[in-house]
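Position 114 of the sequence shown, counted from 1, bears residue number 123 in the working numbering, the numbering being contiguous throughout.
Just so it is clear, CB atoms sit at the ideal spot from N, CA and C, and this is done for glycine as well.
Remember, it's a predicted structure, so these values are computed and weren't measured experimentally.
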Amino acid sequence: MNTRKSLHDKTLKLTTLAILTALVIVLQLICTVIKFGPFSITLALTPIIIGAAIYGPLTGAFLGFIFSVVVYITGLTGMDGGFILMMMEYSAFGTTLLCLLKGTAAGFVAGLLFKLLAKGNKTLASIATSAATPIVNTGIFALGMMTIFYGFLSGSAPEGESPIGMLFLSWIGINFIVEFVSNLIFGTVLTRVVDYFNTKVRKI
10 MNTRKSLHDK TLKLTTLAIL TALVIVLQLI CTVIKFGPFS ITLALTPIII
60 GAAIYGPLTG AFLGFIFSVV VYITGLTGMD GGFILMMMEY SAFGTTLLCL
110 LKGTAAGFVA GLLFKLLAKG NKTLASIATS AATPIVNTGI FALGMMTIFY
160 GFLSGSAPEG ESPIGMLFLS WIGINFIVEF VSNLIFGTVL TRVVDYFNTK
210 VRKI
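As structure tokens, then:
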């Protein structure tokens, strides 16, 4: 009986991961052409958050890594409008590190935060996790631009404009707000998604 249950749980996890991975890839490819400023919005964070909430930080990190790889590949092919290619010219290592780190870290933090907070208040855990994920994703990007890529950032700023101001107001601004609000709205129903999975799907 335990062996059958263990096999069922493993199969369910693999199936769920496959579906969420496909969603991450498809959503990110679609969002590549939807831009607010120079960057695409990141609706692919939603399946990352779901996976992280259901299976924990390592699953969140895995899905975040898949998202990061898609961002990296679409950037190398110029599908993002050429921004990553320009970053690659400045620092190939820095670009690769930044692309792969920010999504992976966002997924890991999502799983860790939900796991810690859900023990006390699942609604708070859902909202906090959904809010923190885009903050980590965008925050690591901003940190990377202000450190590794500050020379690139300064060279991209119009004369007389602050590079940091351009980063937060022109490059990140609207894009981040759209991501943050959409994920915050999703956070209000994340608990229901997780509860449905645990009470219905796991028992199939």
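- Within the stretch 88 to 145, no run of beta strand (DSSP E) reaches 3 residues while sitting entirely inside it.
- Rounded to the nearest whole angstrom, the C-alpha separation of leucine 126 and threonine 200 is 12 Å.
- Distance between glutamine 37 and leucine 72, taken at the CA atoms: about 12 Å.
- The Cβ-Cβ distance between glycine 196 and alanine 140 falls below 8 Å.
- Within the same chain, Cβ atoms closer than 8 Å to the Cβ of glycine 160 are found at Tyr99, the five residues on either side in sequence being excluded.
- Leaving aside the five residues that flank glycine 69 on each side, the residues in its chain whose CB is nearer than 7 Å to its CB run, in chain order, Ile57, Gly60, Ala61, Gly116, Phe117, Ala119, Gly120.
- Within 10 angstroms of the beta-carbon of lysine 111 lie 16 or more other beta-carbons, which makes it buried.
- In the DSSP assignment, alanine 61 falls within the unbroken alpha helix (DSSP H) covering 54 to 64.
- Scanning the stretch 172 to 209 for uninterrupted beta strand (DSSP E) segments of 3 residues or longer gives nothing; none is fully contained.
- Counting the other Cβ atoms within 10 Å of the Cβ of alanine 53 gives 16 or more, which makes it buried.
- Cα atoms of lysine 128 and serine 135: separation of roughly 12 Å, rounded to the nearest angstrom.
- The residues Thr113, in chain order, have a CB closer than 6 Å to that of phenylalanine 74 in the same chain once the five nearest residues on each side in sequence are set aside.
- In the three-state DSSP reduction, alanine 151 falls in the helix class (H, G or I).
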